[in-house]
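Going by the numbering used here, the sequence shown opens with residue 59, and the numbers climb by one from there. All residues carry an ideal CB built from backbone N, CA and C; glycine is no exception. Before any comments, here is the structure.
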Amino acid sequence: MTHQVLNPAVLYWGTPVVIISSANLDGTTNIAPMSSAFWQGHRCMLGLASVNQTTQNIVRPKQCVLNLPTASMGPAINSLAKLTAAKDIPDVKKAIGYQYAANKWALVMECPVQMECEFIAVHRIMRDLAPPLSDLGWVIEVKVLRVPVEPYLRLEGYENRIDTDKWRPMIMSFSELYGLEERKKVNSRLAEIDEEKYRVLTGQGEETKREDSYMV
Numbered sequence: 059m060t061h062q063v064l065n066p067a068v069l070y071w072g073t074p075v076v077i078i079s080s081a082n083l084d085g086t087t088n089i090a091p092m093s094s095a096f097w098q099g100h101r102c103m104l105g106l107a108s109v110n111q112t113t114q115n116i117v118r119p120k121q122c123v124l125n126l127p128t129a130s131m132g133p134a135i136n137s138l139a140k141l142t143a144a145k146d147i148p149d150v151k152k153a154i155g156y157q158y159a160a161n162k163w164a165l166v167m168e169c170p171v172q173m174e175c176e177f178i179a180v181h182r183i184m185r186d187l188a189p190p191l192s193d194l195g196w197v198i199e200v201k202v203l204r205v206p207v208e209p210y211l212r213l214e215g216y217e218n219r220i221d222t223d224k225w226r227p228m229i230m231s232f233s234e235l236y237g238l239e240e241r242k243k244v245n246s247r248l249a250e251i252d253e254e255k256y257r258v259l260t261g262q263g264e265e266t267k268r269e270d271s272y273m274v
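Structural data, given as C-alpha cells:
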C-alpha cells in the first residue's frame with residue numbers, strides 16, 4: 059500500500075491521560091489533565107507549556123501528584139478540560155476558549171493510580187523556533203517517590219507488580235479519549251523479562267547524588 063504524506067497540526071498518536079495535582083499559591087488545589095507524558099525508570103517527563111499554571115506550580119514548590127484515570131472516567135476528564143487556575147489567562151489559552159476556575163477538585167481519589175513526585179529539572183524544547191514559541195515548550199522531569207494504587211491492581215503473588223489484565227488506562231489520541239481492550243493481542247516476549255531487572259534504572263539500593271534542580 060502506498061503511503062500518503064500528511065502534515066497533521068498535532069502528533070498525539072496515543073498516550074495515557076495524566077491528571078496532575080499541584081498546589082496554587084493561595085493553598086487551593088490545581089488539577090490539570092494532560093497526556094504528553096512518558097516514563098523512564100522512576101522518572102516521568104511531562105510536556106507542558108511554560109505559561110501553564112500547572113507548570114509554575116510544579117517548579118515552585120517542587121512537588122506534584124500524577125493521577126492516572128481509568129477508561130471509564132471520561133466524563134470527569136471532560137469536566138476539567140479548558141479550565142485554568144490562572145486568573146490572568148495567557149493569550150494562547152484565551153484563543154482556544156479556556157476559562158478561569160479557582161479550585162477544580164480538592165482530591166482525585168477516583169483515580170486508582172497516584173504517583174507522588176518531586177521536581178528535578180526543566181528541559182526546554184522548540185528553541186529553534188522564533189519567540190514566543192521558543193520559550194513555550196518545556197519538558198518537566200519529575201522523580202516518582204511513592205506509588206499508591208488500589209489493591210485490585212496488585213498482581214497476585216507479587217509484592218510490587220501491576221496486574222496488566224486489570225489496568226485499563228484512559229488513552230488520548232488526537233484529543234479523543236479511548237480505552238484499551240480487555241485482553242492481550244499477543245503474549246509479549248519482553249514481558250518474559252523479570253521486571254525487577256529494570257530496578258537498576260531507579261537508582262534504588264545505590265548511593266545516589268544529584269545537584270539542586272536545574273534548567274537545561
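So is residue i buried or exposed if we call it buried at 16+ other beta carbons inside 10 Å?
| i | result |
| --- | --- |
| T196 | Correcting the residue identity first, residue 196 is Trp in this sequence and not Thr. It is buried - the Cβ of W196 has at least 16 other Cβ atoms within 10 Å. |
| F177 | buried |
| M230 | buried |
| S192 | exposed |
| V258 | exposed |
| I36 | Here the chain covers residues 59 to 274 and nothing more, so residue 36 does not appear. |
| Q157 | exposed |
| L165 | Low local confidence applies: a pLDDT of 45 at L165 is under 50, so the model's placement there is unreliable, with the coordinate-based value given in what follows. Exposed, by the Cβ-count rule. |
| N245 | exposed |
| S80 | buried |
| V76 | buried |
| V63 | exposed |
| Y70 | exposed |
| A179 | buried |
| T222 | exposed |
| E269 | Here the model assigns E269 a pLDDT of 42, short of 50, so the residue's position is not dependable, and the following value carries that caveat. It counts as exposed. |
| K267 | The predicted model places K267 with a pLDDT of 43, which falls under 50 and marks its position as unreliable; any figure quoted below should be read in that light. That one is exposed. |
Just to check my reading of the structure: residue i and residue j have Cβ atoms closer than 8 Å, yes? What is that Cβ distance to the nearest angstrom?
| i | j | result |
| --- | --- | --- |
| P127 | M228 | 5 Å |
| K106 | P170 | According to the sequence provided, residue 106 is Leu. The question's Lys does not apply to it. Rounded, the Cβ-Cβ distance is 23 Å, inconsistent with contact. |
Tell me residue i's beta-bridge partners as DSSP assigns them.
| i | result |
| --- | --- |
| M131 | In the DSSP output, where bridge partners are listed per residue, M131 has none listed. |
| E174 | V123, R204 |
| P227 | T128 |
| L187 | Its beta-bridge partners do not exist; DSSP assigns none. |
Along the chain, where does the beta strand (DSSP E) that runs through residue i open and close?
| i | result |
| --- | --- |
| T87 | 87-92 |
| N125 | 121-126 |
| V76 | 76-81 |
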